[in-house]
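Residue numbers (the numbering used here): 117 to 333.
Each residue gets a CB set at the ideal place from its N, CA and C atoms; glycine is no exception.
Remember, it's a predicted structure, so these values are computed and weren't measured experimentally.
Working notes, structure below.
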Ligand SMILES: Cc1cc2nc3c(=O)[nH]c(=O)nc-3n(C[C@H](O)[C@H](O)[C@H](O)COP(=O)(O)O)c2cc1C
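Written as structure tokens, this is what we have:
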């Protein structure tokens with residue numbers, strides 16, 4: 117026989133809920149301790165195996181990150197995230213020049229603007245991540261256009277990462293959430309980064325935590 121131990125894990129569903137997972141230990145380990153307390157520690161190899169399992173799981177999943185970036189910050193965030201979750205990157209691009217003031221107004225009004233043809237069908241994709249700048253506390257009209265063009269996402273999970281000057285990430289995430297849930301997709305987690313952290317490189321900690329949460333799903 118054996119015993120069950122529980123390890124803590126972070127469930128990013130909702131707002132940072134923490135839970136536990138049971139791990140079965142065969143009896144042969146019954147004289148071992150989870151921490152070094154005189155005998156020998158089996159915590160490290162077990163955590164190593166658990167981590168390995170989750171990264172293998174991540175590698176076997178096909179994840180797509182669709183991002184829009186005007187000034188390059190969201191692109192940096194999306195690229196860093198893609199490296200960590202081994203995702204395919206799809207760039208959302210406007211069809212031509214656009215007026216930024218009109219873009220901001222259209223974002224505010226949750227309107228769409230045309231984008232160049234890009235991968236919007238989720239056949240063969242297990243999960244979608246939308247990486248978007250915050251515009252007018254919402255998302256750019258090009259991101260709205262992408263969300264409206266998404267197909268084949270029924271029952272599939274999605275995550276959102278919002279890049280901003282400082283305010284409005286929550287409503288921006290809510291806007292994407294609403295649009296993709298209408299397509300039958302289910303929201304799992306979100307994160308936000310701030311422009312100055314992207315400029316000075318400290319944003320990677322947020323991306324790391326977000327990526328680990330995505331791979332654990
Ligand atoms: C039209 C427009 C509206 C914006 N609205 C907001 C906003 O409501 N809140 C905020 O924190 N930042 C806002 N920003 C700042 C961007 O979110 C920020 O500069 C972000 O880093 C841009 O990402 P990018 O470099 O990928 O384009 C706005 C920027 C633009 C151009």
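By the beta-carbon neighbour count (other beta carbons within 10 angstroms, threshold 16), residue 258 is buried.
Residue environment analysis places residue 248 among the buried positions, since at least 16 neighbouring C-beta atoms fall within 10 angstroms of its C-beta.
Our two residues, residue 226 and residue 242, have alpha carbons roughly 27 Å apart in a direct line.
Taking the Cβ of residue 283 as the reference point, at least one heavy atom of ligand 1 falls within a distance shorter than 7 Å.
Contact annotation: residue 206 and residue 180 have beta-carbon atoms nearer than 8 Å. At a threshold of 7 Å, residue 210 does not count as near ligand 1, since its beta carbon sits no closer than that to any of the ligand's heavy atoms. For residue 276, the uninterrupted beta strand (DSSP E) segment begins and ends at 273 to 280. Relative to ligand 1, the nearest heavy atom lies less than 7 Å away from the CB of residue 187. Between residue 254 and residue 214, the CB-CB gap reaches or exceeds 8 Å. No heavy atom of ligand 1 is found nearer than 7 Å to the CB of residue 286. The Cβ atoms of residue 303 and residue 297 sit closer than 8 Å to each other. In the structure shown, residue 254 adopts extended strand secondary structure according to DSSP, grouped into three states. The Cβ neighbour count for residue 234, taken over all protein chains shown within 10 Å, is under 16; the residue is labelled exposed. Taking all protein chains in view, the Cβ of residue 203 is crowded by 16 or more other Cβ atoms within 10 Å, so the residue is classified as buried. Set against 7 Å, the gap from the CB of residue 227 to the closest heavy atom of ligand 1 is not smaller. The three-state secondary structure of residue 211, taken from DSSP, is coil. The beta-bridge partner set that DSSP reports for residue 182 consists of 206, 246. By a beta-carbon distance limit of 8 Å, residue 185 does not contact residue 236. Their separation comes to about 18 Å.
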